[in-house]
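Reading through the structure tokens given below for one structure.
Residue numbers (this note's numbering): 11 to 307.
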């Protein structure tokens, strides 16, 4: 099939920087591109159709998933289920919805990494404030992480001591059934984003240490990107971590500690900005090349 005849949909946010960058890359490569707003998808089982604003998504030659909503939440899983059904009907989707499913929820992602023996910071998952207080007393300062979040939004640092029970109780009252506490680590000035395309190592960027100390559910300060070349053991660890999920494009967040490198998370979507600012590479173009090569096989 000639590239000029291909119709490739970009599932993402109209006007969003990364979505528009990916759409432009699709068009620059000669294919016909269109943005698919995830909140406008619909499924009619009687007709056997999954549509976007009335158009049958089964008509596309491929879809690339960049975003599933303006914010992280359980509705992303619902939208991913629609894409998974579309994939079972033969539409190539990058990355596979079935493989992404276990990554949108932080708890599921963490447990999958734990099952694979991937080293991570000490982490406690519990369901009531008393258990959370006990974890804080044992671990010391922790970062309280929502199950659905990106770019550290909604995270906060917690200290053991008076008031922690009430804080966790209020947190649960806001709809957070699971309390996810991860030991706060003093970083060496940065953490690492290790990028993979098609399961192969692409590059690494370092992100200036983010300040959680004044955080109260917003987004931490800091986070400037710069190029970084990690030692082979760190790349090997990141390779093992991303292989747990097998996505087409992803980023593994790693922190270097005195006890060795630890994995913070593996991204369901991967980010373009860190690669752009640190290395001057257009990851969207590389991703589209990967997709087109896969479609030609």
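From the three backbone atoms N, C-alpha and C, an ideal C-beta is built for every residue, glycine too.
Residues bridged to residue i [DSSP beta-bridge criterion]
i: residue 43; result: 18
i: residue 311; result: It is not possible to answer for residue 311, since the shown part of the chain is limited to 11 through 307.
i: residue 26; result: Residue 26 is not bridged to any residue.
Spatially closest choice to residue i from the options, by CA coordinates
i: residue 276; options: 265, 218, 269 and 270; result: 265
i: residue 294; options: 11, 16, 29 and 22; result: 29
i: residue 76; options: 99, 106, 69 and 54; result: 106
i: residue 68; options: 40, 109, 87 and 101; result: 101
i: residue 199; options: 166, 168, 210 and 235; result: 235
i: residue 121; options: 84, 218, 181 and 273; result: 273
i: residue 7; options: 38, 42, 81 and 57; result: The question about residue 7 has no answer, for the chain in this structure spans 11 to 307.
i: residue 168; options: 93, 138, 182 and 143; result: 143
i: residue 300; options: 255, 206 and 217; result: 206
i: residue 137; options: 186, 130 and 86; result: 186
i: residue 63; options: 126, 90 and 53; result: 53
i: residue 203; options: 196, 55 and 259; result: 259
i: residue 50; options: 21, 173 and 218; result: 21
i: residue 250; options: 94, 177, 182 and 128; result: 128
i: residue 270; options: 282, 135, 285 and 246; result: 246
Host alpha helix (DSSP H) of residue i (start-end)
i: residue 173; result: Per DSSP, residue 173 belongs to no alpha helix (DSSP H) and is neither H nor E.
i: residue 158; result: No alpha helix (DSSP H) holds residue 158; DSSP gives it neither H nor E.
i: residue 112; result: Looking at the DSSP string, residue 112 is not in any alpha helix (DSSP H), and its letter there is neither H nor E.
i: residue 265; result: Note, residue 265: premise wrong, no alpha helix (DSSP H); beta strand (DSSP E) at 259 to 267.
i: residue 201; result: No alpha helix (DSSP H) holds residue 201; the beta strand (DSSP E) holding it covers 200 to 207.
i: residue 299; result: 293 to 306
Beta carbon of residue i nearer than 8 angstroms to that of residue j
i: residue 45; j: residue 31; result: no
i: residue 145; j: residue 152; result: yes
i: residue 117; j: residue 190; result: yes
i: residue 262; j: residue 248; result: yes
i: residue 87; j: residue 123; result: no
i: residue 215; j: residue 304; result: no
Where residue i falls, given that 16 or more other Cβ within 10 Å makes a residue buried
i: residue 133; result: buried
i: residue 78; result: buried
i: residue 18; result: buried
i: residue 201; result: buried
i: residue 148; result: exposed
i: residue 37; result: exposed
Host beta strand (DSSP E) of residue i (start-end)
i: residue 275; result: 270 to 276
i: residue 166; result: 166 to 168
Distance cut-off 7 angstroms: residue i Cβ against heavy atoms of the ligand FAD
i: residue 214; result: Absent from the structure shown: the ligand FAD. Ligands present: none.
CB contact below 8 angstroms: residue i versus chain C
i: residue 81; result: The question asks about chain C, but that chain is absent: this structure has only one protein chain.
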